[in-house]
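Structure, as structure tokens:
Number of protein chains: 2
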Amino acid sequence: MKVVTKITELKQFVQQAKKEQKSIGLVPTMGYLHDGHLTLARTAKANNDVVIMSIFVNPTQFGPNEDFESYPRDLPRDTELAQSAGVDLIFAPSVEEMYPADSGIKLLAGRQATILCGASRPGHFDGVVQVVAKLFHLAEPTRAYFGQKDAQQVAIIETMVRDFNFPLEITTIPIVREEDGLAKSSRNVYLTEQERAEAPAIYVALNLAKAHFLQTKNAGEAIALAEKHIAENTAGRLDYLQLLSYPDLATITARTEKFLLATAVYIGNTRLIDNLIFSLEGE
Amino acid sequence: MKVVTKITELKQFVQQAKKEQKSIGLVPTMGYLHDGHLTLARTAKANNDVVIMSIFVNPTQFGPNEDFESYPRDLPRDTELAQSAGVDLIFAPSVEEMYPADSGIKLLAGRQATILCGASRPGHFDGVVQVVAKLFHLAEPTRAYFGQKDAQQVAIIETMVRDFNFPLEITTIPIVREEDGLAKSSRNVYLTEQERAEAPAIYVALNLAKAHFLQTKNAGEAIALAEKHIAENTAGRLDYLQLLSYPDLATITARTEKFLLATAVYIGNTRLIDNLIFSLEGE
């Protein structure tokens, strides 16, 4: 496995792979890898000739009061883990390498970015689509891999790929969870012991709401049930808990086929997200 | 030569070319081809294995009071001309094929789009970068060809390619002119006989200003000279006439190396543009 930091090195690898008619799987990450990322990498490896993983904590998707500086980073550990998952090339550029000039041209994530996580993180998804578009152009993947954990991100990226005709496929991988149900996240390391013990209540709450909604079709009641469970079982502060259509992220109607039940909860100072995607048949 | 209207047909052609390791030249046009376009196509053919020409009058780059409906169209004639210039595939999609859904995600052209033609055509360059990004993703060109006539457009597209790392080269071709100096344009057909006789004064005016500026370094005087020539020799109304740095399209300074002298003039109801790009050595 190679680790490169320069765009020219990445492009050399990509051009060689293209020349050899190899399919390329891209796994974009912000590093500090956990099982979720490694599942993405292993899936990419199973379905492509070569796998490129980008490791880049992208400043343009962090707000001024967010954790860009303190976001956990550990490239030596990531390198070992990525190699074990079959990654062929790690692209770990500096901020200067990715953003040498202040661009006058902007990609804006639009309506789907104004709700859920976007409501409390203005500009976040603009930063996401900016860096993802750049990575798509740099790695020229056949397929790109994203975790369902960031369901809103996946919905927006799928829309971008469709509307701008990016020549690649998006593959989504189910949420990887701890044994007690907590969704794996690089941010879980921030949790105190007490917070870590409370955090699985989020997943329990989502499942309660899903079951109630499937039985009653009453979205309001279902959401209230989940909110109550979180309030009673954690010291957390709810950011949002919503039931929307997926992937368009609009208000549900009688014709909605796929549902996204998504939440973000502050457990102490740590913001955790989780979601379920399901149809009326429950799957 | 093939003429296709569907994205799936275009992609089939592109995938076959990629499989055969052929380089692809892309010539994006709005059709109603003239010598300028054919020079682009011939240059593309000389430097690439295959040439794709898109013919698409893009509605998103026209303002509500502009000439989208009346913009000249003649696909049978364009097909013949493109074939004679060595084009291998014409992609002539419908508006519905290019914009099946209203995208929530937007590409915005930024600061460089607020001046020159952009000042009087709000949203024009947003539409340009939108359609060009889509065409780049659809045709996956090795090289894309644009005329210097739309100097601001080229400057913005070059910035987009740089900032978003599109995996291709932009090649610019000098302005093709009529014998009397008028820049070739699809819109020249709108001119009455009298207007057509006056129109070459635009190019004369630009050359007067360039010569004066190179001699005196006095931009204000140079511009006034050109404006006076246009006022005295046409019934036209000046939209703008500016001297800027190129390609960043900023105010010139003592350190500016490359200059863009650009103008837009309404001759009757027809808006004509022209420009010169030069260094202090005059080239």
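The listed protein sequences derive, respectively, from chains A and B. To convert, note that position 181 of the first sequence is 181 in full-length UniProt numbering; the numbers rise steadily by one, no gaps. To convert, note that position 249 of the second sequence is 249 in full-length UniProt numbering; the numbers rise steadily by one, no gaps. Note that CB positions come from ideal geometry on N, CA and C, so glycine has one too.
Check                                                                                                                              : Outcome
CB contact check: Glu96(B) to chain A, cutoff 8 Å                                                                                  : no
Chain E residues whose Cβ lies nearer than 9 Å to that of Val129(B)                                                                : Looking for chain E here will not work: the only protein chains present are A and B.
Neighbourhood of Leu225(B) by C-beta distance below 6 Å, restricted to the same chain and skipping five residues each side         : Leu208, Ala209 and His212
Within-8 Å CB hit, Met160(B) to chain A                                                                                            : yes
Chain B within 8 Å of Lys258(A), Cβ atoms only                                                                                     : no
Proximity below 8 Å, CB of Tyr190(A) to CB of Asp274(A)                                                                            : no
Residue range of the beta strand (DSSP E) that includes Asp239(B)                                                                  : Arg237 to Ser245
Stretch-stretch touch, CB-based, cutoff 8 Å, three pairs: the stretch 191 to 198 of chain B with the stretch 260 to 279 of chain B : yes
Contact with chain B by Phe13(A), beta-carbon distance below 8 Å                                                                   : no
Residues bridged to Ala262(A) (per DSSP)                                                                                           : Gln242(A) and Asn275(A)
Phe164(A) versus Val129(B): straight-line alpha-carbon distance, rounded                                                           : 11 Å
Assigned secondary structure, Val27(B) (DSSP; H/G/I helix, E/B strand, else coil)                                                  : strand
Nearest neighbour of Asn58(A), chosen from Val51(A), Ala119(A) and Arg73(A) [CA to CA]                                             : Arg73(A)
Beta-carbon neighbours of His137(A), restricted to chain B and to distances below 7 Å                                              : Phe164, Asn165, Phe166 and Pro167
Closest Cα partner of Leu40(A) within the set Ile170(A), Leu249(A), Gly236(A) and Thr60(A)                                         : Ile170(A)
Runs of alpha helix (DSSP H) lying entirely within the stretch 171 to 236 of chain A, each at least 4 residues, in chain order     : 193 to 198, 201 to 216 and 219 to 233
Within-8 Å CB hit, Gln112(A) to chain B                                                                                            : yes
Segment contact flag, the stretch 2 to 21 of chain B with the stretch 119 to 128 of chain B, C-beta cutoff 8 Å, min 3 pairs        : no
9 Å Cβ cut-off: residues of chain B touching Lys6(A)                                                                               : By Cβ distance, chain B contributes nothing, its closest Cβ being about 13 Å from Lys6(A), past 9 Å.
Of the listed residues Ile175(A), Phe62(A) and Val131(A), nearest to Ile157(A) (C-alpha basis)                                     : Val131(A)
Test item: CB-CB of Ala85(A) and Leu38(A) under 8 Å                                                                                : yes
Beta-carbon proximity of Arg143(A) to Asn48(A), cut-off 8 Å                                                                        : yes
For Ala231(B) and Gln153(B), the rounded distance between their alpha carbons                                                      : 26 Å
Cα-Cα separation between residue 286(A) and Val27(A), rounded to whole angstroms                                                   : In this structure chain A extends from 1 to 283, so residue 286(A) is not present and cannot be described.
CB contact check: Leu81(A) to chain B, cutoff 8 Å                                                                                  : no
Three-way DSSP call (helix, strand, coil) for Ser70(A) in this model                                                               : coil
Residue from Tyr71(B), Val50(B), Ile173(B) and Gly63(B) with nearest C-alpha to Ala139(B)                                          : Val50(B)
Proximal residues of chain A, C-beta to C-beta of Lys134(B) below 9 Å                                                              : Asp163, Phe164 and Asn165
Beta-carbon spacing of Leu33(B), Leu89(B) below 8 Å                                                                                : no
Within chain A, partners of Ala155(B) - CB distance below 7 Å                                                                      : Result: empty, since nearest Cβ-Cβ is about 10 Å, beyond 7 Å.
Positions along the stretch 28 to 62 of chain A whose CB lies within less than 9 Å of some CB in chain B                           : none
Chain B within 8 Å of Ala119(A), Cβ atoms only                                                                                     : no
Ala144(A), enclosing alpha helix (DSSP H) - first and last residue                                                                 : Here Ala144(A) belongs to no alpha helix (DSSP H); instead the beta strand (DSSP E) covers Arg143 to Gly147.
Extent of the continuous alpha helix (DSSP H) run through Leu40(B)                                                                 : Asp35 to Asn47
Inter-residue Cα distance where the pair is Lys184(B) and Pro64(B)                                                                 : 25 Å
Check whether Val87(A) and Met53(A) have beta carbons under 8 Å apart                                                              : yes
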